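A short write-up of the structure that comes next.
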Amino acid sequence: MPDNTLKKPLREQFSRIRDNAFTAEKCRKIAERLLHEPTVRNADTVLCYVSFRSEPDTWELIRSLLGAGVRVACPRCGRNREMTFHIIDDTGQLIPGRYGISEPDIMLPQPVLTESTVCIVPGLAFSPDGSRLGYGGGYYDTFLAAAGQVYTIAAAFEEQITDHLPCGEYDIKIRAIATDERMIYCNEQ
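See the structure below:
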């Protein structure tokens, strides 16, 4: 992992940028872009973070996916950077959990991950090459390293996009970024 002294000021900077970029209209545009994305529409399951603070809002996205008959699973964070996803039928099944972020009950079923599974990931900053600056806990990098076949899409405000981010050996690159202005396809071979 790159020296955290490089990442810490970037996390502070992009946290402020994201806080200032947040608007309901931008969140709506990101959700619409994700709902129209073929990989999302054709997914067997969409693994979707539950938004917190100034992250692009996923609550309406989750409701829309469920309303369209798409299977949705949301994360639970455990100890030691472990994260599991559990299938929900309704956002009412999400309750405040670890770190104050809403999460599903651990007793709800876990999805089988396939090449048709899409994971919508949060973060503080992203670059067009697929690099992602997370919060530093390593939850998504650990999960994605074990679930390599899932298709990853970040939800981000355009202001969170930067030309370059430090990327270490354990940082997992994402495949696409949905912003309020465009879709960015990363790492396409």
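Here this note's numbering is used: the first residue of the sequence shown is 6, the next is one more, and so on.
Yeah, the Cβ is synthetic: ideal placement off N, Cα and C, and Gly gets one too.
Please read all numbers here as calculations on a predicted model, not as lab measurements.
- By the CB criterion at 9 Å, D134 and D176 fall outside the cutoff.
- Pairing P80 with I93, the inter-Cα distance amounts to about 10 Å.
- A direct Cα-to-Cα measurement between A161 and F57 gives close to 13 Å.
- Nearest Cα to R33 within the set R16, N25, T63: T63.
- Contact between the stretch 120–131 and the stretch 92–106 is absent: fewer than three C-beta pairs spanning the two stretches fall below 8 Å.
- Within the stretch 26–60, the runs of beta strand (DSSP E) at least 3 residues long that lie entirely inside it are, in chain order, 50–53.
- Following the DSSP letters along the chain, one finds L71 inside the alpha helix (DSSP H) bounded by residues 64–72.
- Judged by DSSP in its simplified three-state form, F162 adopts coil rather than helix or strand.
- Sequence-distant Cβ neighbours of P109 in its own chain, meaning closer than 7 Å and more than five residues away, are C79, R81, H91, I93, Q98, L99.
- Pairing A36 with S59 gives a Cβ-Cβ distance that is not under 9 Å.
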